[in-house]
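Student: Oh and the sequence shown: position 562 is 562 in UniProt numbering, straight run, nothing missing.
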Amino acid sequence: MCGIVGAIADRDVVPVLIEGLKRLEYRGYDSSGIAVLDGDAIRRVRRTGRVAEMEGAAATEGFAATLGIGHTRWATHGGVTESNAHPHVSHGVALVHNGIIENHEQQRERLLALGYEFESQTDTEVIAHLIHYHLQGGGDLLTALQRTVKELTGAYALAVIGRSEPQRMVVARMGCPLLVGLGEGENFVASDVSAILQATRRVMFLEEGDTAELTRAGVRVFAADDAPVEREVRFSDVSLASLELGPYRHFMQKEIHEQPRALADTIEAAIDAGGFPAALFGADAGAVLKDIEGVQILACGTSYYAGLTARYWIEAIAGLPCSVEIASEYRYRAACANPRHLIVTISQSGETLDTMEALKYAKALGHAHTLSICNVPESAIPRASELVCYTRAGAEIGVASTKAFTTQLAALFQLTVVLGKLHGRIDAALEADYLEQLRHLPGSVQHVLNLEPQIVAWAERFAGKSNALFLGRGLHYPIALEGALKLKEISYIHAEAYPAGELKHGPLALVDAEMPVVVIAPNDSLLEKVKSNMQEVRARGGELFVFADQDSNFSASDGVHVIRTPRHAGVLSPVLHTLPVQLLAYHTALARGTDVDKPRNLAKSVTVE
Ligand code: F6R
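1. Kindly indicate if chain D contains any beta-carbon less than 8 angstroms away from that of N84.
2. Nearest to A432 by CA position, among P442, V418, S444 and V445, is which residue?
3. Counting only runs of 3+ residues fully inside the UniProt domain "SIS" (285-425), write out the beta strand (DSSP E) ranges in chain order.
4. Taking 7 angstroms as the cut-off, is the CB of A300 close to at least one heavy atom of the ligand F6R?
5. At 4 residues or longer, what runs of the alpha helix (DSSP H) sit wholly inside the region 153-233?
6. For V16 and L469, what's the separation of their Cα atoms in angstroms?
7. So, using beta-carbon positions, are I100 and T122 closer together than 8 angstroms?
8. Going by the DSSP bridge assignment, what does F470 pair with across the sheet?
9. Taking the alpha carbon of R46 as the point to measure from, which residue in E184, A7 and L21 has its own alpha carbon closest?
10. Report yes if the C-beta of V193 is less than 7 angstroms from at least one heavy atom of the ligand F6R; otherwise report no.
11. Should R331 be labelled buried (16 or more other beta-carbon atoms within 10 Å of its own) or exposed?
12. Consider the C-beta atom of Q348 and the heavy atoms of the ligand F6R; say whether any pair is separated by less than 7 angstroms.
13. Indicate the three-state DSSP secondary structure (helix, strand or coil) for A85 in the structure shown.
14. Less than 8 angstroms between the beta carbons of I373 and L359, yes or no?
15. In the DSSP assignment, find the beta strand (DSSP E) that holds L111 and state where it starts and stops.
16. Would you kindly check if the distance between the Cβ of R234 and the Cβ of residue 616 is under 8 angstroms?
17. Give me the residue from A513, G366 and Y312 with the minimum Cα distance to C336.
18. With a CB to CB cut of under 6 angstroms and the five nearest residues on each side skipped, what residues in its chain are close to V376?
19. Do the region 482-491 and the region 503-511 make contact, defined as three or more Cβ pairs closer than 8 angstroms?
20. Could you tell me if the beta carbon of L371 falls within a distance shorter than 7 angstroms of some heavy atom in the ligand F6R?
21. Helix, strand or coil for G39? Go by DSSP, reduced to three states.
22. Using 8 angstroms as the threshold, is the C-beta distance between M204 and L67 below it?
23. So, are the CB atoms of L430 and A285 less than 8 angstroms apart?
24. Does the ligand F6R have even one heavy atom less than 7 angstroms from the beta-carbon of V606?
25. Output the boundary residues of the beta strand (DSSP E) element that contains H97.
26. Residues in its own chain within less than 7 angstroms of L583 by CB, not counting five upstream and five downstream?
27. So what's A273 in DSSP terms, helix, strand or just coil?
What follows is the structure, given as structure tokens:
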């Protein structure tokens, strides 16, 4: 979704802004723009479409400056037009904004009555006018910003420059991430650290309600009450390599292939500890996790499917009741809260608005204990949670989540074993056994990646299809759901997933010779049931594409294609069976020529409702 970058320096900052916006492209956007202070004038360039087009326009117009802000916009209020693109300008004040201003209509009425004119349909333009209005009332840009944010309700990250103040940029944050990057004689602001890594790794995350002033010489931060405050300076360890494509064609392909390493990093602490200490989830986790009576998982999309998988583990292995709910549904439901159920939010980005709001709602309902599983340090959801487990997938750039999902599963499995130990379901021998299974996981995943050439052959057949069904049972039903989601989001083939036993209750009517049916069929206790469900498909002429494992005893026949994963991975089998469905979606999309890393209409970080 929207992205912000800003810079103040002694050198030309336009290349920094453009490079930063390119680094933010993966989040999804439909227009972009920059504004710079050139002499005593604000100059602005905005374009719909790719950052490269805006970059070309800026170069043609000879943009160069030592103070500037930039933005990638994902339309919410107002269509995808140049006039709705940021930065927005009001009488020498220019700003970029992430988030949504809920009281923008009232503010617009007020500003219209004061004689302001609007050139966009955005909620953002009211902020530019309000800042100008407060500047007129006396005070400087910082004071005007501080007065303005007190009149806003909603979420914002803001970066503002003003014609009258060439020596500084002012910024504000509430409900949307914003960080300051500290350089030598130059300073930066960004919504995501990847945007400024080329310039500095010293960063300061702003807190809710903070405003800040950036000059070339330094940064001053003010808390919500406008009192000066210190914020911790950290060193970002996000690797630049994770932001580069390297030898791969797409980030999605790269990220699929990074899974052995991502999993190894995510389980490293348990391996080093030789077991599953509660401290994997924070210093106070032991007391909290022992005290709970059940688990309520909240998440969206792929992260929700990780939660669905975890439910099978938590109930069967830890013996605790576990519910899983889509965050956007939970947050508007009059749920019956059990305060002794642990709220677990799962979010790759840590910014998903629905998940964040569901977490707040759960707390308001009386849930005392919260745990976040997240891939992005310092993002909003882990910061709002009592306990945290960071997956160590590294930056995920492809919009379709891959390595984040399997590392979420690894984290959730570790949570399951910790809970099982604390609740008396797992003894030392069983703990050692689970650790051994986890230790083998990265290697087994590497073996599954070797199946890629066989999956490419299947993908060529899928590329001509309009629909597909995915079937799984038990632990592997969520993997069928994930396979269908991956296929539809990047190849645009309509795909649905069902528990295989549900087929005969309706979806079987869809099956004919044109319907490919993907079946996740490892050798577990439900295999014979799955085989019967497959017969139901074959009897109606449906073509079966079966992901089995070595022990499943399948052989290919007319209309039945089989790919075997190297070995059965016990309770961790869902992790292994995820890779083939990711690869199938990737190669099908490739064959159809879609924009794999940036599928249409989607964004990486969904920070709006
Ligand atoms: C699908 C995908 C999305 C996300 C969902 C939640 O490939 O990536 O479904 O899983 O938008 O995002 P996070 O995990 O960032 O909360």
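Even for Gly, the Cβ is constructed at its ideal location relative to N, Cα and C.
Tutor: A quick look at the data gives this:
1. Protein chains in the displayed structure number just one, and chain D is not present.
2. V418
3. 294-299, 322-326, 341-347, 370-374 and 387-390
4. Reading the sequence as shown, one finds Cys at residue 300 and not Ala. Flag set: Cβ of C300 near the ligand F6R.
5. none
6. 46 angstroms
7. no
8. A497 and V518
9. L21
10. no
11. buried
12. yes
13. coil
14. no
15. First-last for L111: H104 to A113, but that is the alpha helix (DSSP H), not the beta strand (DSSP E).
16. Because the chain in this structure spans residues 1 to 609, residue 616 falls outside the shown range and cannot be described.
17. G366
18. S349 and G350
19. no
20. no
21. coil
22. no
23. no
24. yes
25. V93 to N98
26. I256, E452 and I455
27. helix
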